Amino acid sequence: MLKASNKTGLVFFPAFDWAIDPTHPEREERLLYTQDQVTEEGVFDISGIIEYKPEIVTVQDIRRAHFCIPDEKSITTESHLISAGGAKAIANAVLNKEVKNGFALVRPPGHHSMRVSHGGRGFCHINIEAVMVEYIRTQFGLKKIAVIDTDCHHGDGTNDIFWHDPDVLFISLHQDGRTLYPGTGFTGELGGPNSRGSNLNIPLPPGTSTEGYLYVIKNCVLPILEEFKPDLIVNSAGQDNHYTDPLTNMNFSAQGYAMLTSLLKPDIAVLEGGYSIEGALPYVNLGIILSMAGIDYSGVIEPDYDPERLKQSVSVTDKIKKTTDTINAYWKEKDELRQKTGTPGSFETRHREIFYDTDNIFERQKEKIRICRDCGGCFEIDSSASTGNHILGVHIPINACKACTEEGYRLFDQADKQKFNQVILQDRTKDLYEIK
Amino acid sequence: MIIGIDVGGTHTDAVLLSAGGIEKKIKYATDAADLFHTILACFEKLLDGIDPKRIKRIVISTTLTTNAIVQQDMNPVGMVVSAGPGIDPEFFRTGEQYYCVSGSINHRGREKAPVNTMEINDIVQKMEKAGIEYVGVVSKFCVRNPSHEILIKRILNRHFKKVFLGHHVSGNLNFPRRIATTHLNAAVFSLHKSFFEAIKDSLKQMGLSIPIHILKADGGTMSLESSMSFPGQTVLSGPAASIMGAIPYAPKKQDAIVLDIGGTTTDIAFLVNKAPLLEPMGIQRGQYKSLIRSLQTDSKGIGGDSVVRVKDQELVIGPDRKGPAMAFGGPEPTPTDALIVLGLMPEGNAENARKGIHQIALELGLDDVETADKIFKKCCSIILKKTFEMIDKINTQPVYTVHEFLEGYKISPRKILLLGGPAPYFAKKIEELYHIKTIVVPESSVANAIGAALARTTCEISLNADTEQGIVTAHEEDFAEPISKTYSEDDLIETAHSLLKEKALNSGADPDNIDDVEVVEFQKFNIVRNFSPKGKIFRTKMQIKPGLIKGFEHILSQL
């Protein structure tokens, strides 16, 4: 009889009645064939696989991870709230120990959504993993969490939200930003001054195949996880590295995804992108589900799979090895790198420009972070967007030290209300969100 | 007049109904070893003094196939299974003669690998050598494209008595369940066929030559002829009969709970606006999962004859039955004995009942009446707890659209309908404990037979249109037609409706009772490739809901 050796929770929310627009890649049809495949395979009947109904996230859930401008309701639809709620439902099932691990097969995705969100970018409006991670930290008190983003696009939203957070290790494997949206995620992007090395970006050359992905997992991601010792591993399981994906140029396979999953052993996997809806998603999703449940996945092979044709070139292999060495070296040096940044108590400023391709919004940010050796450091973001909205958001991290907490309140109190549409305080130590 | 017969594990209930109400009702001890004579005896009693020509309808519900499964008394069946990519089909092995073959169809119904006819020919030889007479053929995604099953059947046909195909079983996707269901149909076919042919002949001799209808697990009927291809659908028709019998007393536009309290078990089901809830995928009992349409019922191992004992100072009731209550000569105290001690039930030997309850009272350190009351309350709470668990489960079933998530129907029952022997004694207590209006279904001891007698023919069809591939299909019905790019939602619904009517009439439906049609599911998708629309996918499921034939409800509600 077919039985899962790991009790695995699944949320399946294909949002069959929601699309960005009718011909957009992020449309109703996207998970249709996946649903057909997993239903035909009888996945939900397997003993040990439990299907959960998604929840719906609240405004409070979103406010732990985002400054939504002008507010949460204006930039999200119910579909976004249920998609994030799917991840939340899986988090509850895993953290309440009803299941050993879980996979949220939900859409729309979220990993391009940054802390300040004025609308949709890269098909994402709110960051479903980040909302889930912050929920887990508040609700279950977990401290160290690793988010491994294997979507083919750089997970720049998640990267941004945990940029200053030394307790969340964010690793993104993606196609080189010089060849693909969003054009970021280079090896030197290592996290903020107080958290250098807790963001690791691993760009992979076009043409990377199963061999290359598994090489990075075995020789870079796993050793680093071993050392970081997270309380929870989350996988942003984008499936657009597949050799049939229309938006990318990689050569990953269903078998490869399943193997990656069994190596990484994520506690929670959340579906991100993946737009080869007929040729890839049905097989990749099935492979990931079986792998998480500890069921033989050797038969999950795309009908047109030809490993010979998908073999990666020697030059690709060399590039991947070099990148891996670079990342490993950064990881080793991370403590020194943090020591080298600024004087504790002083502020470091950065300026950024962010384009929202989905909603056609242009945003300018000025961010000021307090240099701190005791916590992630409080920071403020002055954000103005082409929508006319101009806000100041102050963030106090969940594990903030006393000095950073006090400094955060000072920044909030001092902010001139007249200069902004909103001045917002996000005090994660008290799970508080205040607008003045 | 109408005859309804429900063969149960211990009793067979039979009724003769007319426009004036119940003409005759009988309860007859079931002879499990000879169901044939049990049924004939009921007919003889019902027809005594009645002109057989006045009988217009016969519906039978039996435990024949259920017993065959429980006793593993089934034909050996050969299974030919073609899976393609995915989970190893070896996991779904049904027996020794189970062959996984090459060939693959994908989720869109496109052939990805062909059937190897030489391989099939080899298997024919092996199965013939093993003396196989009945074969099932199932390919993955056959509901999208059954060509491999049909091709394999062509090779097998000359060699075997009957070949059953997976795509005829159901329009639903679920390969493992389809294998199990196809296997079941093949395995009970000869038993079902010989049994009902014998019944048909005997009834003819009694002067009854009208069509016979058979009750299915979904609380609907099918004609004897159409049952021959799907004998598995008769499994678990017993609980369905009882639920159908409760329908006349269910509130309109409200939800109700149906509890059939028997000797050993209590069956639990739900009615929404007088229509029973169906299982989303099909019958499942423990590890056994099928695509057989079924009412959503569950049973709890507690009933009037459940054994009552004390374990670690705690009262334990059921799930086993050692015999009747002590008041009726049984060996162990039971909830029935408690009812007698409480003075609620006049029948039985009160002294023996008290003796039984007294043992328990001593162990609990209570007096007899307190103990009996405690047993009674505990019975109610076990049954209702299970019921509320089921409601929670139904209300948290996953949904796949934003609309369903936000607008999804939640059942919240306002009334409990009780059936079964001990039902009259439970009604007041349940109402008192749970503050839900609780009534005993009139004539509750034969409500199951009434339910069978009045159940209408049900059926469901699944229709898929794919304008990119230019085809609309209901493979379950062997229906496929070319369509143009302009094929619309309305076209789909119209085709579905006419297929549904045709299927209902072919299954023996009375033309006056096929208008309660419901669209169970409708989905529409744009097929987009390289950012340009290539066509549309439409999917619908349409059914004739389980319900009662017209013209009798008013009589029953006056009982």
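Protein chains in written order, with numbering that gives the first Met the number 0: chain Z, 0 to 435; chain F, 0 to 558. Glycine is no exception: its CB is placed at the ideal position from the N, C-alpha and C atoms. Note that the structure is a prediction, hence the values are computed from the model and not measured.
Contact of D16(Z) with chain F is assigned, a C-beta pair being separated by under 8 angstroms. Against chain F, a Cβ distance below 7 angstroms from Q36(Z) picks out H106. Annotation: K142(Z) to F227(Z) spans about 12 angstroms, alpha carbon to alpha carbon.
Boundaries of the alpha helix (DSSP H) around R409(Z): 401-413. I19(Z) is outside the set of residues whose beta carbon lies under 8 angstroms from a beta carbon in chain F. Contact between the region 193-202 of chain Z and the region 102-116 of chain Z is absent, with fewer than three C-beta pairs closer than 8 angstroms. Residue A186(F) holds the alpha-carbon nearest to the alpha-carbon of V162(F) among A186(F), N173(F), K139(F). Looking at I25(F), M325(F), N463(F), the one whose alpha-carbon comes closest to that of V307(F) is M325(F). Note: R372(Z) is not bridge-paired with any residue in the DSSP secondary-structure output. The shortest C-alpha to C-alpha distance from C374(Z) to any of P24(Z), C151(Z), I353(Z), T404(Z) is the one to T404(Z). Counting only the Cα atoms, I86(F) lies some 25 angstroms from I216(Z). Any Cβ of chain F closer than 8 angstroms to the Cβ of Y408(Z) would place that residue at the interface, and such an atom is absent. Listed in chain order, the positions of the region 287-303 of chain Z with a beta carbon within less than 9 angstroms of a beta carbon of chain F are L289, I294, D295, Y296, S297, G298, V299, I300, E301, P302, D303. At a cut-off of 8 angstroms between beta carbons, N173(F) contacts chain Z. Under the three-state reduction of DSSP, A32(F) is assigned to coil, being neither helix nor strand. Counting C-beta pairs closer than 8 angstroms gives fewer than three between the region 445-457 of chain F and the region 395-402 of chain F, which falls short of the contact rule. Listed along the chain, the chain F residues whose CB falls inside 9 angstroms of the CB of K416(Z) amount to none; the nearest CB is some 37 angstroms away.
Per DSSP, E379(Z) is one residue of the beta strand (DSSP E) stretching across 378-384. Interface annotation, L31(Z): in contact with chain F, CB-CB separation under 8 angstroms. The three-state reading of DSSP puts Q59(Z) in helix, counting H, G and I together.
Only those residues of the region 274-285 of chain Z whose C-beta falls short of 7 angstroms from the nearest C-beta of chain F are listed: E277, P281, Y282, L285. DSSP, reduced to helix, strand and coil, places I86(F) outside both helices and strands of the structure shown, so it counts as coil. The straight-line gap separating the alpha-carbon atoms of Q283(F) and S289(F) is approximately 6 angstroms. Residue range 116-128 is occupied by the alpha helix (DSSP H) that includes Q124(F). According to the DSSP assignment, T340(Z) belongs to no alpha helix (DSSP H), since it is labelled neither H nor E. Just so you know, the alpha carbons of T29(F) and T181(F) end up roughly 29 angstroms apart. Within the region 161-219 of chain F, the complete beta strand (DSSP E) runs of at least 3 residues fall at 161-164, 211-214. Residue contact check for R292(F) against chain Z: no CB pair falls below 8 angstroms.
G41(Z) reaches chain F at N173, F174, P175, R176, counting residues in chain order whose Cβ is nearer than 7 angstroms.
Apart from the 5 residues on each side of it in sequence, C378(F) sits with its Cβ closer than 7 angstroms to the Cβ of I301, I316, P334 in its chain, given in chain order. For G244(F), not one C-beta of chain Z is nearer than 8 angstroms to its own C-beta. Judged by beta-carbon spacing, I267(F) lies within the 8 angstroms limit of S298(F), meaning their Cβ atoms are closer than that value. Apart from sequence neighbours up to five positions away, the residues of its chain that approach A67(F) with a beta-carbon distance below 7 angstroms are M73, V187, L190, ordered along the chain. The beta carbon of P245(Z) falls within 8 angstroms of a beta carbon belonging to chain F, placing the residue at that interface. Contact of S194(Z) with chain F is not assigned, every C-beta pair being separated by 8 angstroms or more. Short of 6 angstroms from the beta carbon of K544(F), and not among the five residues preceding or following it, lie these beta carbons of its own chain, in chain order: A274, D515, E517.
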